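Beneath this line is the structure, given in structure tokens, with notes to follow.
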Amino acid sequence: MCGIVGLFLKDPALEPELGRLLADMLVVMTSRGPDSAGFAVYGHGEAEHLKVTVRGPRLDEVEAALADIATAIRRDTHLVLSFPVFAEEQVRGWLALNRPDLVVTGTGKRIELYKEVGLPRQVADRFALPAMRGTHGIGHTRMATESAVTTDGAHPFSTGRDQCLVHNGSLSNHRSLRRQLEHEGLTFATDNDSEVAAGYISWRLREGDSLTAALEAGLEDLDGFYTFVIGTENGFAVMRDPISCKPAVMAETDRYVAFGSEYRALVGLPGIETARIFEPEPAHAYVWERN
Amino acid sequence: MPVVDLAVSSKRDLNAALHALPANTNETHWHIANPDGAHALAAGVDAPVTIEIDGHAGYYCAGMNSQATIVVNGNVGVGVAENMMSGRVHVKGDASQAAGATAHGGLLVIDGNASARCGISMKGVDIVVKGSIGPMSAFMAQAGNLVVLGDAGEALGDSLYETRIFVRGAVKSLGADCIEKDLRPEHEEILAKLLHEAGVEGVSPTEFRRYGSARGLYNFHVDNASAY
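Below you can see the structure in the form of structure tokens.
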């Protein structure tokens, strides 16, 4: 199973509402994935700064040790460190040396990425998702099939700067694809098939593909069932496998583009009554980007 | 005329009330407000009543329907009228995948489009789609009629048995063992009747092309191995 939600705003007036709307959508998808939940929010990004989201215990210690170079926002088991780009090596070096136990869930100019085991409502509240603001966000509720119920196995997966992917389905060639991508220099933090899909898209983007071209290449190289929703710093994309095995419904208005595994997830959105509701076609890359 | 508002009452109570209706009930016209994409709405009804759903429905709406007329003033999710036995289901908007799957009887009318696998394994139902249908529609369809006023997606009628498929627009591709056949007067009669029942005016049966089974895959034949 698994549930996916995504919201990409066109109207800046909705940005303060992003977290609240996304949280409500996520909670409706609890029946599709009660094991764990996660979400990525693309919020404010300061010029020449980077944000790194880390997850693990004893985050106070990290915050104190890096206080001179990074501002930190603590949310339950996650800490978002924000620092000037020139300090990246210093921050990463400190983390690698002193806290190799921490997991970096996302890095980028604007992305913040949170995931935990538990019911989606609890996960959203633990990280105060309803209060978050941003331009777009992607969430996932997981019913584990390919690997264990762990925080590591929760989505979204981020394998490149400001990139993230959520997946409903299962891939059958992820082992061979993983080896191929490792030859290309990518590294993976988990055994999860969806992380390989995220890595694949990151690899194509690194090689110069547009988001659309990266997804279209994926139609050839990814074998299995999938509905993907993907976020980049300024973009939002959706793609389904050629037999559209996994459900998807979308709504578009002048103010937003929204994705849900089921229409139920979209009913709380403003103006849904008059939105254009459609089912994304199989094997077609849908991409929206903000300038 | 019972009105059930799903914003305040539960879907289970609604379906239980519909299941309990006797054949001679006086409560013959139901309205369901605020469906908000809920699943299995009015599934398993077995009474000659009319049920109107005012909004979008989720999965398996009107599934297993017998006798009832179910009208959805909105879109429906996966598997509308799945395994319908008799009666009539009318979707005023679009339908998601597997509309009318495995249905044995009755009439399913979709005013908008139906996505992938419309009429998969249909066993006697009549389906009229006023828009277009998605890929792999009528896969392994066994009996009944599928009428499409718009276009059909890839692999139409793959591994088809005896369902008749009528398409007015373009067919992207035919599935294994599905071929175009002549539209004979008896087929025009069937079409005229179904178009009338579906409320379609001003469309002539002669505008359609008929597709059906080449009957080459009925029994195992080693020469067909690549098509299985």
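Going line by line, the protein sequences match chains A and B.
For the record, in the first sequence the residue sitting at position 113 is 113 according to the working numbering, with numbers rising by one throughout.
Adding 291 to a residue's 1-based position in the second sequence gives its number in the working numbering.
Using N, Cα and C, we set each Cβ at its ideal position, and we do this for glycine too.
Source: prediction; values computed, not measured.
The Cβ of Gln-388 of chain B sits closer than 9 Å to at least one Cβ of chain A. For Asn-315 of chain B, no Cβ of chain A is located within less than 9 Å of the residue's own Cβ.
Proximity to Gly-6 of chain A across A:Arg-276, A:Phe-39, A:Ser-210 and A:Thr-30 peaks at A:Phe-39, based on C-alpha coordinates. In the structure shown, Gly-19 of chain A adopts helical secondary structure according to DSSP, grouped into three states. Runs of the alpha helix (DSSP H) spanning 4 or more residues and lying entirely within the segment 60 to 131 of chain A occur at 88 to 98 and 120 to 126, in chain order. The contact set of Ser-406 of chain B on chain A, defined by CB atoms closer than 7 Å, consists of Glu-279 in chain order. In the DSSP assignment, Asp-296 of chain B is bridged to B:Ala-324. When Cβ pairs closer than 8 Å are counted between the two stretches, the segment 254 to 262 of chain A is seen not to touch the segment 316 to 327 of chain B, the count staying below three.
Between Leu-165 of chain A and Ser-194 of chain A, the C-beta spacing is below 9 Å. Nearest CB-CB separation between Asp-385 of chain B and chain A: below the 9 Å threshold. Under the three-state reduction of DSSP output, Ala-198 of chain A falls in the helix class. Between Pro-84 of chain A and chain B, the shortest Cβ-Cβ separation is not below 9 Å.
Counting other Cβ atoms within 10 Å of its Cβ, Asn-98 of chain A stays below 16 and is therefore classed as exposed. Close to chain A, meaning a Cβ-Cβ distance shorter than 8 Å, are the following residues of the segment 317 to 329 of chain B: Asp-327, Gly-328 and Ala-329. Pairing Pro-120 of chain A with Phe-127 of chain A, the inter-Cα distance amounts to about 11 Å. Within chain B, the residues whose beta carbon sits less than 7 Å from that of Val-267 of chain A are Asp-327 and Gly-328, listed in sequence order. Annotated three-state conformation of Asn-192 of chain A is coil, per DSSP. Residue contact check for Asn-366 of chain B against chain A: a CB pair falls below 9 Å. Here Leu-205 of chain A has Ala-214 as same chain residues with Cβ atoms under 6 Å from its own Cβ, once five neighbours each way along the sequence are excluded. The C-beta distance from Arg-20 of chain A to Pro-130 of chain A rounds to 4 Å, short enough to meet the 8 Å contact threshold.
Using a Cβ distance threshold of 9 Å, Lys-414 of chain B and Ile-401 of chain B do not count as a contacting pair. Taken atom to atom, the span from the alpha-carbon of Ala-144 of chain A to that of Gly-33 of chain A is near 8 Å. Ala-124 of chain A and Val-513 of chain B have their C-alpha atoms some 57 Å from each other. The beta carbon of Glu-61 of chain A does not come within 9 Å of any beta carbon belonging to chain B, so the residue lies off that interface.
Of the residues A:Ala-154, A:Gln-122 and A:Phe-83, the one whose Cα lies closest to the Cα of Val-103 of chain A is A:Ala-154.
Rounded to whole angstroms, the gap between the alpha carbons of Glu-477 of chain B and Ser-31 of chain A is 49 Å. With a threshold of 9 Å between beta carbons, Arg-58 of chain A makes no contact with chain B.
Residues of the same chain with a CB within less than 6 Å of the CB of Gly-134 of chain A, apart from the 5 flanking positions on each side, are Leu-18, Val-41, Tyr-42 and Gly-43 in chain order.
In this structure Asp-468 of chain B touches Leu-451 of chain B by the C-beta definition: roughly 6 Å separates them, less than 8 Å.
With a beta-carbon spacing of about 4 Å, Ala-237 of chain A and Ile-230 of chain A fall inside the 8 Å limit used to define contacts.
The three-state reading of DSSP puts Leu-186 of chain A in coil, since its state is none of H, G, I, E or B. For Lys-302 of chain B, the uninterrupted alpha helix (DSSP H) run begins and ends at 302 to 310, by DSSP.
Spanning the alpha carbons of Trp-288 of chain A and Thr-212 of chain A requires a straight line of approximately 10 Å. Counting only runs of 3+ residues, no beta strand (DSSP E) is found wholly inside the segment 474 to 500 of chain B. Three or more beta-carbon pairs drawn from the segment 368 to 381 of chain B and the segment 392 to 400 of chain B are found closer than 8 Å, and the two stretches are therefore classed as touching.
Gly-349 of chain B reaches chain A at Glu-262, Tyr-263 and Arg-264, counting residues in chain order whose Cβ is nearer than 9 Å.
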